[in-house]
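The block underneath contains the structure these notes are about, expressed in structure tokens.
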Amino acid sequence: MGSTMTVGSLAANVNVIVLAATIATSMCSPTDPVGGVTWRPGLRLSRLDDVDARMLVREDANSTEPVVLFRPDTLGADQQMTATSCRDYLAAVEAGFRPRGKVGLAQEQSYVMDCYILRDLKTARPPAAKHLPNWSYTLLSQLPPILTWGVGRRETNPALSWMATRDGLHGTAITEREMRAEDDQGLYELTLLGEGDFNGDGVDDIAVAGTLRVKQGSNERSDYYVLTRCGERGLLVLVTEPSAPFRVGSFKCTD
């Protein structure tokens, strides 16, 4: 029999609960008052000082079911944890728990969109130098290989762009913060989550959520990336680890 663990999602005191509820319902500014650090308006965050309280807010208010994450124990049985907030979810992922099945992966999407950027905003700073390109279809030829999967997976070559490793990849729709693309095998969606210096090197970075849906099959996945560029030209560089919990790594443009 597997064991079940639940991460507590209640705040330690009433004041924190009230503050979290206020954040969840307020109209949010996407820019920190200090300037230079921004995030998408839908994050439900008014200012950087409120990140810890925002972590306690129920993540998917439209769902009555928490996301369930699993991890095999040493005997091969399943342990599971449930998460309703970003604090719960990040604790579970850090401990090696992952969602399973199409329903679980679909439930996880809102957590990927919100929780990792909230974590990284806690240490973000205004950048001193800015080299990132504009948000446009040109990014498809400037991003490193991301959202790799299945038969389309190739050896990652730092000299090749995402477009160079996916046959027929092209943009299909774009807004100020979202971009859709597809190739012969998959549908992709990128969302610009935030901007700032996330790795402490003084150079601007972007945080992006990427979603993959296979055209013929049930493969669906959401990833989180922090990317940078150390000069005015060239490919962007992945700053985060390639898989969950997508920690910001040691790469710095100043090294």
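Under our numbering, the residue at position 245 of the sequence shown is numbered 245, and the numbers go up by one with no gaps. In this text, a Cβ means the ideal position worked out from N, Cα and C, and glycines have one as well.
Residue nearest to T341 in terms of C-alpha spacing, selected from S161, H131 and Y137: This structure does not reach residue 341, given that the chain is present from 1 up to 255, and the question cannot be answered.
Start and end residues, beta strand (DSSP E) containing Q109: Run containing Q109: none in the beta strand (DSSP E); it sits in the alpha helix (DSSP H), G101 to L121.
C-alpha gap between A12 and A53, whole angstroms: Low per-residue confidence applies at A12: pLDDT is 38, beneath 50, and the placement is therefore not dependable, though the value from the model is reported in the following sentence. The alpha-carbon atoms of A12 and A53 are separated by roughly 11 Å.
Extent of the continuous beta strand (DSSP E) run through E220: Unbroken beta strand (DSSP E) run through E220: E220 to T228.
Residues of its chain near V257, where Cβ-Cβ distance is below 7 Å and the 5 sequence neighbours each way are ignored: Not covered by the structure: residue 257. The range shown for the chain is 1 to 255.
Pair within 8 Å by beta-carbon distance, G202 and A124: no
R177 and R40 closer than 8 Å at C-beta: Contact: yes.
Backbone CA spacing between E195 and Q185 [nearest angstrom]: Using only the alpha carbons, I get a separation of about 30 Å.
Whole-Å CB distance - A106 paired with E220, under 8 Å assumed: 7 Å
DSSP state of P133 mapped onto helix, strand, coil: coil
Proximity of V93 and Y224 at Cβ, strictly below 8 Å: no
Cα-Cα separation between L268 and A209, rounded to whole angstroms: Absent from the structure is residue 268, since the part of the chain shown begins at 1 and ends at 255.
T82 versus G231: straight-line alpha-carbon distance, rounded: 43 Å
Closest Cα partner of F251 within the set S218, D205 and G42: D205
Other residues of its chain near P66: CB distance less than 7 Å, five sequence neighbours each side excluded: T82, A83 and T84
CA nearest to the CA of L139, picked from L187, D167, M179 and L118: With distances taken between Cα atoms, L139 lies closest to M179.
Exposure of P144, with buried meaning 16 or more beta-carbon neighbours within 10 Å: buried
Classification of L75 by the beta-carbon crowding that lies within 10 angstroms, buried from 16 upward: exposed
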